[in-house]
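Counted from 1, the sequence shown has number 185 at position 149 by our numbering; the numbering is strictly sequential.
Ideal placement from N, C-alpha and C gives every residue a C-beta, glycine not left out.
Okay, structure first, notes after.
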Amino acid sequence: MTKKITLKAVLITTMLAASASAGGHTATEQRIIAMKAVGGEMRTLGGMAQGKVAYDDFAALSALETMRNAAAAAQPLFAAPPMEGEETRAMAAIWEDGSDFDAQMNAMLAALDAAIAAEPADLASFTPLFGAVAGTCKACHEKYRAPEE
Ligand code: HEC
């Protein structure tokens, strides 16, 4: 009984904390969080691509799917430019170039979809799919993400 109540209390506290923080974050902060999640999965996959970690088809597929979800969550959060004084590496060109940025977002999602659909069973089939995904990150960052200060 006591255990049940404690668990419930923990769950409620966690839910409250989650909703409070989501509500307290601006779109800029949320998209940075989402992109960091994309980057986290990229590290896992990059380790496999570089042979630092043994290729694991299940781990690769789940990382690709998590990355796809995070990237899809980030996309609409880039709709509006940052507010005055917000810390961001997103360049103004995103909102000046019209649909190009969105096209690059879609290219990333398409590369992720292709990699997921292929269900790469080994490193040899994973490597070119990973390369295609990584290429979309690089292309967009070169154009639209300011270098780190
Ligand atoms: C369509 C453009 C676009 C694509 C594609 C893209 N990014 Fe980004 N990414 C950005 C922009 C713009 C920012 C800066 C966001 C900000 O600071 O407001 C960013 C930020 C990040 C960050 C957070 C860095 C920080 O400021 O701390 C990481 C990590 C990241 N991207 C990884 C990736 C990875 C990995 C991929 C490919 C799988 C990728 N991105 C694809 C545009 C893109």
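Alpha carbon of residue i to alpha carbon of residue j, nearest angstrom
i	j	result
residue 57	residue 65	Residue placement at residue 57 cannot be trusted, given a pLDDT of 48 that sits under 50; what the coordinates show is reported in the next sentence. Each residue's Cα considered, the two are about 11 Å apart.
residue 82	residue 128	29 Å
residue 99	residue 168	15 Å
residue 137	residue 114	9 Å
residue 86	residue 117	36 Å
Span of the alpha helix (DSSP H), counted from its first residue to its last, around residue i
i	result
residue 74	63-85
residue 171	159-180
residue 137	136-154
residue 92	Segment: none, residue 92 is in no alpha helix (DSSP H) and carries neither H nor E.
Buried versus exposed, by CB contacts within 10 Å (16 or more), residue i
i	result
residue 183	exposed
residue 140	buried
residue 185	exposed
residue 166	buried
residue 77	buried
For residue i, three-class secondary structure by DSSP
i	result
residue 115	coil
residue 128	coil
residue 123	coil
residue 57	Bear in mind that the predicted position of residue 57 carries a pLDDT of just 48, short of 50, making it unreliable; the figure below should be weighed with that in mind. Here residue 57 sits in helix by DSSP.
residue 101	helix
beta-carbon residue i near the ligand HEC non-hydrogen atom, thresh 6 Å
i	result
residue 124	yes
residue 62	no
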